[in-house]
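*Asks:* My questions will all concern the structure given below.
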Amino acid sequence: MNNADSNRALLEGAQKRWLTIGVAGALLCAAGGFMNAEQFFRSYLFGFMFWFNLTLGCLAGVMTHNLTGGDWGIATRRQLEAGMRVLPLMALLFLPILFGVPKIYEWANPEHVAHSAILQQKAGYLNQSFFGIRAFVYFSIWLTLANLLYKWSGELERNPSLAIVRRMENLSGPGILIFFLTSTLAAFDWVMSLEPHWYSTIYGLLFIVGQGLAMLAFMIAVTTWLSNRGALSEAVGTKNFHDLGKLMHGFVVLWTYGSFSQFLIIWSANLPEETIWYAHRIAGGWKLIAIGLAVFHFLVPFFLLLIRNNKMKSNILVKIAGLILFMRFVDLYWFISPAFNTNGLGLHWLDLAAPVGIGGLWLATFYGQLRKRSLAPLPDPFAEAEQAMERA
Amino acid sequence: MASVAHSAPETHAPDEVVHPLIAPGNSYKSITEKISNVILSGKTPRVWFFWFGIAFLFVNILGLSATVLLLIGTGIWGITIPIGWGFAIINFVWWIGIGHAGTLISAVLLLLNQKWRTSINRFAETMTIFAVMCAGMFPLLHTGRPWLAAYWLMPYPSTMGVWPQFRSPLIWDVFAVSTYLTISAVFWIVGLIPDFAALRERATSRFGKVTYGMLAMGWRGSARHWHHYEIAYLLLAGLSTPLVVSVHSIVSFDFAVSVIPGWHTTIFPPYFVAGAIYAGFAMVLTLGIPMRKVWKLEDFITMRHIDCMAKVMLATGLFVAYGYGMEAFMGYYSANTYEGFMMINRMTGPYWWSYWSLIFFNVLIPQLLWFRSIRANIPALFWISMSINIGMWLERFVIVVTSLHRDFLPSSWGMYYPTVWDWGLFAGTIGFFLFMMLLFIRVAPIISIAEVRGLFAETRHGHGKKHGAEEVAA
Numbered sequence: 000m001n002n003a004d005s006n007r008a009l010l011e012g013a014q015k016r017w018l019t020i021g022v023a024g025a026l027l028c029a030a031g032g033f034m035n036a037e038q039f040f041r042s043y044l045f046g047f048m049f050w051f052n053l054t055l056g057c058l059a060g061v062m063t064h065n066l067t068g069g070d071w072g073i074a075t076r077r078q079l080e081a082g083m084r085v086l087p088l089m090a091l092l093f094l095p096i097l098f099g100v101p102k103i104y105e106w107a108n109p110e111h112v113a114h115s116a117i118l119q120q121k122a123g124y125l126n127q128s129f130f131g132i133r134a135f136v137y138f139s140i141w142l143t144l145a146n147l148l149y150k151w152s153g154e155l156e157r158n159p160s161l162a163i164v165r166r167m168e169n170l171s172g173p174g175i176l177i178f179f180l181t182s183t184l185a186a187f188d189w190v191m192s193l194e195p196h197w198y199s200t201i202y203g204l205l206f207i208v209g210q211g212l213a214m215l216a217f218m219i220a221v222t223t224w225l226s227n228r229g230a231l232s233e234a235v236g237t238k239n240f241h242d243l244g245k246l247m248h249g250f251v252v253l254w255t256y257g258s259f260s261q262f263l264i265i266w267s268a269n270l271p272e273e274t275i276w277y278a279h280r281i282a283g284g285w286k287l288i289a290i291g292l293a294v295f296h297f298l299v300p301f302f303l304l305l306i307r308n309n310k311m312k313s314n315i316l317v318k319i320a321g322l323i324l325f326m327r328f329v330d331l332y333w334f335i336s337p338a339f340n341t342n343g344l345g346l347h348w349l350d351l352a353a354p355v356g357i358g359g360l361w362l363a364t365f366y367g368q369l370r371k372r373s374l375a376p377l378p379d380p381f382a383e384a385e386q387a388m389e390r391a
Numbered sequence: 000m001a002s003v004a005h006s007a008p009e010t011h012a013p014d015e016v017v018h019p020l021i022a023p024g025n026s027y028k029s030i031t032e033k034i035s036n037v038i039l040s041g042k043t044p045r046v047w048f049f050w051f052g053i054a055f056l057f058v059n060i061l062g063l064s065a066t067v068l069l070l071i072g073t074g075i076w077g078i079t080i081p082i083g084w085g086f087a088i089i090n091f092v093w094w095i096g097i098g099h100a101g102t103l104i105s106a107v108l109l110l111l112n113q114k115w116r117t118s119i120n121r122f123a124e125t126m127t128i129f130a131v132m133c134a135g136m137f138p139l140l141h142t143g144r145p146w147l148a149a150y151w152l153m154p155y156p157s158t159m160g161v162w163p164q165f166r167s168p169l170i171w172d173v174f175a176v177s178t179y180l181t182i183s184a185v186f187w188i189v190g191l192i193p194d195f196a197a198l199r200e201r202a203t204s205r206f207g208k209v210t211y212g213m214l215a216m217g218w219r220g221s222a223r224h225w226h227h228y229e230i231a232y233l234l235l236a237g238l239s240t241p242l243v244v245s246v247h248s249i250v251s252f253d254f255a256v257s258v259i260p261g262w263h264t265t266i267f268p269p270y271f272v273a274g275a276i277y278a279g280f281a282m283v284l285t286l287g288i289p290m291r292k293v294w295k296l297e298d299f300i301t302m303r304h305i306d307c308m309a310k311v312m313l314a315t316g317l318f319v320a321y322g323y324g325m326e327a328f329m330g331y332y333s334a335n336t337y338e339g340f341m342m343i344n345r346m347t348g349p350y351w352w353s354y355w356s357l358i359f360f361n362v363l364i365p366q367l368l369w370f371r372s373i374r375a376n377i378p379a380l381f382w383i384s385m386s387i388n389i390g391m392w393l394e395r396f397v398i399v400v401t402s403l404h405r406d407f408l409p410s411s412w413g414m415y416y417p418t419v420w421d422w423g424l425f426a427g428t429i430g431f432f433l434f435m436m437l438l439f440i441r442v443a444p445i446i447s448i449a450e451v452r453g454l455f456a457e458t459r460h461g462h463g464k465k466h467g468a469e470e471v472a473a
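In the order they appear, the protein sequences are chains A and B.
Residue numbers for the first sequence follow numbering that gives the first Met the number 0, beginning at 0 and rising by one.
Residue numbers for the second sequence follow numbering that gives the first Met the number 0, beginning at 0 and rising by one.
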C-alpha cells in the first residue's frame, strides 16, 4: 500500500505543477486575445491541434491494442487510457475555435467567398453551421468510444473475463474504421480548409500517422518518467521499451513516406493550384523549417533508432522521443502557420503561449486521470488461459 | 501468443477456441515426413494432373499470343489513342500486387515476430517469384522487341550518350522490380537450402539424391551453418522490408506524377501498397485452400493461419476502400471541374459497370470478413478471395481505362476494347503462374520444414527461446 500512496503523491504533484503552468499559460493567452484577437485564434488553433492529435492518438492506441495485443501496450495501457480520457477537455477547448471560425478560416469570410467561384461551389460543405455540426458529430463519436472502452476496461479490472475482452475487441474493430474516417475529416475541416482552394487525398493519413507518432513518443516519455520513479511494476522493462522504440521507428518512416509521397507527386505534376501549398511553406524562413523537418523529423531519429541499444535503454530512448515530440510541434506549425504567413516565418509569442497553456491543462487532466486507477497492467484473461493450458 | 492451446478454457465461453499453429500430435519426424511426402511419396493426386493439363494449355496460349505479338506488333492489342495504356499495364500492376504477400509474410512478419508466418511463407514466397515473372512479361513484351528491352530500359554508358529519363517513375520501375525479383529469389533460395538437405537425406532414387544434394550446396546442418543461416536470413528480411513498400509505391507514381484526373492524386502510394498486400493475401488463400486439402497439410496450415490472413485482408481491404472514398470525396470537395467529372464519369459513364463491380467485389463482399464464423468457413473464404482477385484486377482496369478514355477535351474522347490477343496474353500468364506453382509443389517443399520444426521446438520448450533450430538440425 505504501507504493500506491507514493504513486498517488507523485501523480498529484505532477498534476499540480502542470495545472499551475496551464493556468498561467491560459491567462497569458487570454491577455494576448484582448491585444490581438486574430493572432490569438491562429495560435490557439495550433496549440489545440497538437494536444488534440495526441489525445486522438491515445484513443487509437487503446483500440489498436485491443485488436492486436502486444507488449508495447501492456506497459502503456494505463497511460493510453488516461490520455484518451482527456477528450472531454479537448471538446471544451474546441469551443473557442468554433467562436473564432470567421477569424481563422477564409471560407467563413463572405467577402472572400464573393470573389471566388470555387469557394462558392464549396459553400455547401465549408460553411459555419455545417462545420459546427460536423465537429459535434466527431466529438460525440470519439467520446462515446472512449467512454465505453474505459468503462469496460474498469469491468475487466474488477472481474477479468474473456467476454469483456471480446466485447472490447468487437467495438475496437469498427471503432478504428470510424476513427480513420472522422479523424481524416477533422483534419480536412480544421487544418486543410485553412487554405480552402487546396486539397490532397493523403492529407488525412498524414494526420493519422502524426497522431500515432506523437502518441508513441509521449508514451515513451511518460512511461520512462513513471518507471524511473518506481511507479510502474517491475514487469515494465527493456523489452517494452525496445518494442515501443521499434514502433516509433516505423512511424518515423511512415511519416516520411507519406510526406515525401505527397511532395513528389505535387512537385512532378507542377500544377499551380497544388504547388501553392509548398510555395507558401518554403517562402522566406519557412524553407529552413522545411529542411529542419527533413533532418530532425526523419534523418536524425531514423539513424538513431536503427541502433538497438538506443531503443532498449529507456534513458536514451526518451531523449529521441523528446526530439520527436518537439518535431511534431514544428511539423504542425509548418502545416498551420504558413497559411496565415505566406511570405515567410511569422513567429508570435502567442504561438508559444498557446501550446504551453493548453499543454499544461492537458497534462494536469492526464495525471488526474492516471491517478484514478492502478498503474499495474490490465489483467489479460486470454494470456492466462493460454498459460494455464500450457502448464497442463 | 501461445500456440499449443488445444481446446477451449472450460470455465469461460465455450466458443473461445484458440487454434494452434501446428496441429497437436506432431513430432519432428512427422513434420519432416508429412511435408516431404508431398514430393517423395511418388503418389501424385489425379487433380494435380488435371490442373497441370489446363495450365499447360494456357501456357501454349501465352506462347501463341506472344508469338503473334512479336510477328505483327502491338497493333494487335486494343490500345488506341487516347487509351494508350491498356491490358499490358493493368496486368503488370495486378501481378506485381499479387507478388507482395510473399515479401510481407517472409520479411515484415519475421521482423514483427509473428509466428503464424511460418508454414505459409515458403508458399507465398514462391508465389511472389512467379507472379513477378508474369508481371515482368508485360513491360518486356509491350516494347514489341523484347530482345532490345535491356538496351532501352537499362542505363548504360553508351557512346551515343543516350540515357533513359531518370525523372520518370517508369525507369524507377525497372530498378524496383528487378531489385525486388533478385532479393525475393535470394531470400527464397536461402530459405530452401536446409530443406533441400532434408530431401537429399530422404530421397530414395539416385537421381533425387544427387539433384537435391547439389541444390543443398553442401549443407550439413552444423551449428555454424545454422548460425550463418540465421544471420543471412535476418539481414535479407531487413533488406526486403523496404521493398514491400517501394515497388508498389513506384508503380503508383507511374500514374500519380502525371496530370490526368483519376491518376494524379496523393493517396495513391499508400493505397496501392495496401491494395498489393490485399491482392497478395487473396491469392495465397485462393491457392492455399485447395493445396492444403489436396496434400493434407491441415496440420501445418491451420485455422489460425487462415484466420490471421483473413484479418490482414480485412484491414488492407478497408484501407483500399478508404482510398476509393478519399478519391470520391475530393472529386466533390476540390470543386475542380475535371476531378468532379472524372468521378461522375467513373460512376455513370460508359464504364460504370466496371466501377460498380469493383465496389461490389472489392469492397462489399470482403465485409463478410468481419464475422468470426466467416473467417472459419473455408469455402466462404475461398470465394471471398476469388472475389478480391477479380476486384483488384477491376481496380486497375478502372484506374487505367476510365481515367484515359475521357480526359480534358471531349473531341479526344474514345473507348477501349481489348482484343482476343489481350485476353490471350492475360489468360496465358495465369496459366503460366499455375503451371510453375504446380511444378514447384512437385519438386520442392511447399512448407518450410526447417522453420516448422523450429517453431515446434519453440512452442514445445516455452517462449523464451529464440530458435530451437540448432538442436533439431541433426
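Where is the CB? At the ideal position from N, CA and C, for every residue including glycine.
The structure presented is a predicted model; accordingly, all values stated were derived computationally and were not measured.
Tell me which same chain residues have a C-beta within less than 7 Å of the C-beta of residue 208 of chain B, skipping the five on either side of it?
*Replies:* Here residue 208 of chain B is taken as the residue at index 209 of the second sequence, counted from 1. Closer than 7 Å at Cβ, skipping near neighbours: 199 and 202.
*Asks:* Can you check whether the C-beta of residue 326 of chain B is within less than 8 Å of a C-beta belonging to chain A?
*Replies:* Counting from one through the second sequence, the residue named residue 326 of chain B turns up at place 327. Output row for residue 326 of chain B: interface = yes.
*Asks:* Going by alpha carbons, who is nearest to residue 244 of chain B out of A:243, A:249 and A:241?
*Replies:* Position 245 of the second sequence, counted from the first residue, corresponds to residue 244 of chain B. Ranking the options by Cα distance to residue 244 of chain B, first place goes to A:249.
*Asks:* Exposed or buried, which one is residue 144 of chain B when buried takes at least 16 other CB atoms within 10 Å?
*Replies:* Along the second sequence, read from residue 1 onward, the residue named residue 144 of chain B stands at position 145. Exposed: under 16 other Cβ atoms inside 10 Å.
*Asks:* Using a cut-off of 8 Å between C-beta atoms, extract the partners of residue 244 of chain B located in chain A.
*Replies:* Here residue 244 of chain B refers to the residue found at position 245 when the second sequence is read from its first residue. Result: 256.
*Asks:* Using a Cβ-Cβ cut-off of less than 7 Å, give me the residues of the stretch 104-127 of chain A that come near chain B, in sequence order.
*Replies:* Per Cβ criterion, the list reads 117, 120, 121 and 124.
*Asks:* Using 8 Å as the limit for Cβ to Cβ distance, is residue 264 of chain A near chain B?
*Replies:* Your numbering for residue 264 of chain A matches position 265 in the first sequence. Chain B contact via Cβ: present.
*Asks:* Along chain B, in chain order, which residues have C-beta atoms closer than 9 Å to that of residue 268 of chain A?
*Replies:* Walking along the first sequence from the start, residue 268 of chain A turns up at place 269. Within chain B, the residues near residue 268 of chain A are 255, 256, 257, 258 and 263.
*Asks:* What's the C-alpha gap between residue 140 of chain B and residue 291 of chain B?
*Replies:* Taking the first residue of the second sequence as position 1, residue 140 of chain B is located at position 141. Taking the first residue of the second sequence as position 1, residue 291 of chain B is located at position 292. When rounded, the distance between both Cα atoms is 35 Å.
*Asks:* Does residue 268 of chain B come within less than 8 Å of chain A when only Cβ atoms are used?
*Replies:* Position 269 of the second sequence holds residue 268 of chain B. Taking Cβ atoms only, chain A reaches closer than 8 Å to residue 268 of chain B, which makes this a yes.
*Asks:* Does residue 466 of chain B have its Cβ less than 8 Å from a Cβ in chain A?
*Replies:* The count along the second sequence starts at 1 and reaches residue 466 of chain B at position 467. Here residue 466 of chain B scores only 40 on pLDDT, less than 50, and its place in the model should not be relied on; the value that follows carries that caveat. Chain A contact via Cβ: absent.
*Asks:* Return helix, strand or coil for residue 405 of chain B, following the three-state DSSP convention.
*Replies:* Counting from 1 along the second sequence, the entry for residue 405 of chain B is found at position 406. In the structure shown, residue 405 of chain B sits in coil (DSSP, three-state: anything other than H, G, I, E or B).
*Asks:* Please report how far the alpha carbon of residue 161 of chain B lies from the alpha carbon of residue 146 of chain B, in whole angstroms.
*Replies:* One-based indexing of the second sequence puts residue 161 of chain B at position 162. One-based indexing of the second sequence puts residue 146 of chain B at position 147. The straight-line gap from Cα to Cα measures roughly 18 Å.
*Asks:* Do residue 301 of chain B and residue 23 of chain B count as a contact pair if the criterion is CB distance below 8 Å?
*Replies:* Position 24 of the second sequence, counted from the first residue, corresponds to residue 23 of chain B. Position 302 of the second sequence, counted from the first residue, corresponds to residue 301 of chain B. Cβ atoms of residue 23 of chain B and residue 301 of chain B: not closer than 8 Å.
*Asks:* Do you know how far the Cα of residue 331 of chain B is from the Cα of residue 186 of chain A?
*Replies:* Residue numbering aside, residue 186 of chain A sits at position 187 when the first sequence is read from its first letter. Residue numbering aside, residue 331 of chain B sits at position 332 when the second sequence is read from its first letter. Distance between the alpha carbons of residue 186 of chain A and residue 331 of chain B is about 17 Å.
*Asks:* Considering residue 273 of chain B, what are the terminal residues of the alpha helix (DSSP H) in which it resides?
*Replies:* For the purposes of this step, residue 273 of chain B is taken as the residue at position 274 of the second sequence. Run containing residue 273 of chain B: 267-293, per the alpha helix (DSSP H) assignment.
*Asks:* Residue ranges of each alpha helix (DSSP H) run of no fewer than 4 residues wholly in the stretch 208-235 of chain B, ordered along the chain?
*Replies:* Here no run is fully enclosed.
*Asks:* Since residue 85 of chain B contacts residue 95 of chain B with CB under 8 Å, what's their CB separation in whole angstroms?
*Replies:* Within the second sequence, numbered from 1, the residue matching residue 85 of chain B stands at position 86. Within the second sequence, numbered from 1, the residue matching residue 95 of chain B stands at position 96. Not confirmed; about 17 Å, so no contact.
*Asks:* For residue 103 of chain B, which of B:194, B:193 and B:315 has the nearest alpha-carbon?
*Replies:* The count along the second sequence starts at 1 and reaches residue 103 of chain B at position 104. Nearest option by C-alpha distance: B:315.
*Asks:* So what's residue 104 of chain A in DSSP terms, helix, strand or just coil?
*Replies:* Position 105 of the first sequence, counted from the start, is the residue given in the question as residue 104 of chain A. If DSSP states are grouped into helix, strand and coil, residue 104 of chain A belongs with coil.
*Asks:* Between residue 260 of chain A and chain B, is there a C-beta pair that is closer than 8 Å?
*Replies:* Mapped onto the first sequence, residue 260 of chain A falls at position 261. Yes, because at least one Cβ of chain B sits closer than 8 Å to the Cβ of residue 260 of chain A.
*Asks:* Since residue 317 of chain B meets chain A, which of its residues come closer than 7 Å, beta carbon to beta carbon?
*Replies:* Translated into the one-based positions of the second sequence, residue 317 of chain B becomes position 318. Under the 7 Å cutoff, chain A gives 176.
*Asks:* Under DSSP, the alpha helix (DSSP H) around residue 94 of chain B begins and ends at which residues?
*Replies:* Here residue 94 of chain B is taken as the residue at index 95 of the second sequence, counted from 1. Residue 94 of chain B -> alpha helix (DSSP H) spans 86-97.
*Asks:* Identify the continuous alpha helix (DSSP H) that holds residue 36 of chain B and give its terminal residues.
*Replies:* As a position in the second sequence, residue 36 of chain B is number 37, starting the count at 1. Segment 27-39, the alpha helix (DSSP H) holding residue 36 of chain B.
*Asks:* Can you pull the chain A neighbours of residue 334 of chain B, defined as C-beta to C-beta under 7 Å?
*Replies:* As a working note, residue 334 of chain B is residue 335 in the second sequence. Those within 7 Å of residue 334 of chain B in chain A are 117, 120 and 121.
*Asks:* By DSSP, does residue 412 of chain B sit in helix, in strand, or in coil?
*Replies:* Sequence index remark: in the second sequence, residue 412 of chain B carries index 413 (1-based). Correct three-state label for residue 412 of chain B: coil.
*Asks:* I need the boundaries of the alpha helix (DSSP H) containing residue 253 of chain A, first residue and last residue.
*Replies:* Translated into positions along the first sequence, residue 253 of chain A becomes position 254. Residue 253 of chain A -> alpha helix (DSSP H) spans 237-268.
*Asks:* Go ahead and pull the three-state DSSP assignment for residue 350 of chain B.
*Replies:* By one-based count along the second sequence, residue 350 of chain B stands at place 351. Coil, per DSSP.
*Asks:* Flag residue 19 of chain A as yes if its beta-carbon sits less than 8 Å from any beta-carbon of chain B, otherwise no.
*Replies:* Translated into positions along the first sequence, residue 19 of chain A becomes position 20. Not an interface residue.
*Asks:* Can you tell which of A:290, A:59 and A:320 has its C-alpha closest to the C-alpha of residue 223 of chain A?
*Replies:* As a working note, residue 223 of chain A is residue 224 in the first sequence. When each option's Cα is compared against that of residue 223 of chain A, the closest is A:320.
*Asks:* Mind pulling the chain A residues with CB within less than 9 Å of residue 321 of chain B?
*Replies:* Taking the second sequence and counting its residues from 1, one reaches residue 321 of chain B at position 322. Under the 9 Å cutoff, chain A gives 176, 179, 180, 183, 203 and 204.
*Asks:* List the residues of chain B whose Cβ lies closer than 7 Å to the Cβ of residue 199 of chain A, in chain order.
*Replies:* In the first sequence, residue 199 of chain A corresponds to position 200, counting from 1. Near residue 199 of chain A (Cβ distances below 7 Å), the residues of chain B are 265.
*Asks:* Give me the Cβ distance between residue 236 of chain B and residue 375 of chain B, rounded to the nearest whole Å; I'm assuming they're in contact under 8 Å.
*Replies:* Working through the second sequence from its first residue, we reach residue 236 of chain B at position 237. Working through the second sequence from its first residue, we reach residue 375 of chain B at position 376. The Cβ separation is near 30 Å, so there is no contact.
*Asks:* Please report whether the beta-carbon of residue 172 of chain A lies at a distance below 8 Å from any beta-carbon of chain B.
*Replies:* Position 173 of the first sequence, counted from the start, is the residue given in the question as residue 172 of chain A. Yes, its Cβ sits closer than 8 Å to a Cβ of chain B.
*Asks:* Once the 5 residues before and after residue 119 of chain A are set aside, which same chain residues still bring their CB inside 7 Å of it?
*Replies:* Counting from one through the first sequence, the residue named residue 119 of chain A turns up at place 120. Cβ neighbours of residue 119 of chain A beyond the five flanking positions: 112.
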